[in-house]
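**Student:** Following this message is one structure expressed as structure tokens.
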């Protein structure tokens, strides 16, 4: 069963705390992504990873960093979370071509 | 840069009515963009609904269809008769045809189908 799994699904953090969002996929996909989705703005690309330790900034990387030490895992890290980082975060992966598989999302609230 | 504009929601229709969600795109960095419709049902992640990679072609799935019109730079989503189970958020997107290509999404359209 091909899937992208995100943990946790819901998270509340205080401003200034560190946040770790985890993502795993069982399809051996090389490429993985982190997007955030805000009302009316669609999904915006934060980072893209082409394989282990091969990461590139997306359109809105500021305030985020990523880690990919194994092909099946891709983490998004917020060092010192800010209230404007409250959003729904989606992880995704793809093998060949542009078809992308998405996780169910993590709803992060920073208070 | 690339951009996608789609019908602002929310959209509410009654069951068995027809539906059209408009989508227009601008692809400045991609010579031959691929076009997609993704759907997000409540509590689920985004799922690919349909894709078209060649201009002039039509894609269809689950009763939905969309035609890739290069002249009008449009990719409108249509369904002749909606069902309550079609209630979801729909996203139009464009991307390149290479592995690892980035997707550019529209803002999403929330559809509610009244029984």
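Protein chains in written order, with my numbering: chain A, 52 to 162; chain B, 237 to 351.
Cβ coordinates follow ideal geometry from the N, Cα and C atoms, glycine included.
Since we're looking at a predicted model, the values are computed, not measured.
Determine which residues of the region 111 to 129 of chain A have a Cβ less than 7 Å from any Cβ of chain B, and write them out in chain order.
**Tutor:** none
**Student:** Sorted by chain position, which residues of the same chain lie with C-beta nearer than 7 Å to residue 133/A's C-beta, five sequence neighbours on each side aside?
**Tutor:** Non-local beta-carbon contacts of residue 133/A in its own chain, meaning distances under 7 Å to residues more than five positions away in sequence, involve 66, 114 and 161 in chain order.
**Student:** What three-state label does DSSP hand residue 134/A in the structure shown?
**Tutor:** Taken through DSSP and simplified to helix, strand or coil, residue 134/A comes out as helix.
**Student:** Quick one: grab the DSSP three-state call for residue 238/B.
**Tutor:** coil
**Student:** Spell out whether any CB of chain B is found under 7 Å from the CB atom of residue 93/A.
**Tutor:** yes
**Student:** Under 7 Å, Cβ to Cβ, is there at least one residue of chain A near residue 282/B?
**Tutor:** Chain A contact via Cβ: present.
**Student:** Using a beta-carbon distance below 7 Å, is residue 96/A in contact with chain B?
**Tutor:** yes
**Student:** I'd like the list of long-range same chain contacts for residue 244/B, defined as Cβ closer than 8 Å, with 5 residues on each side in sequence excluded.
**Tutor:** 343 and 345
**Student:** Whole angstroms are fine: how far does the CA of residue 68/A sit from the CA of residue 311/B?
**Tutor:** Here the C-alpha atom of residue 311/B lies approximately 42 Å from the C-alpha atom of residue 68/A.
**Student:** Where residue 141/A and residue 62/A are concerned, what is the direct C-alpha to C-alpha distance, given to the nearest angstrom?
**Tutor:** Rounded to the nearest whole angstrom, the CA to CA distance from residue 141/A to residue 62/A is 14 Å.
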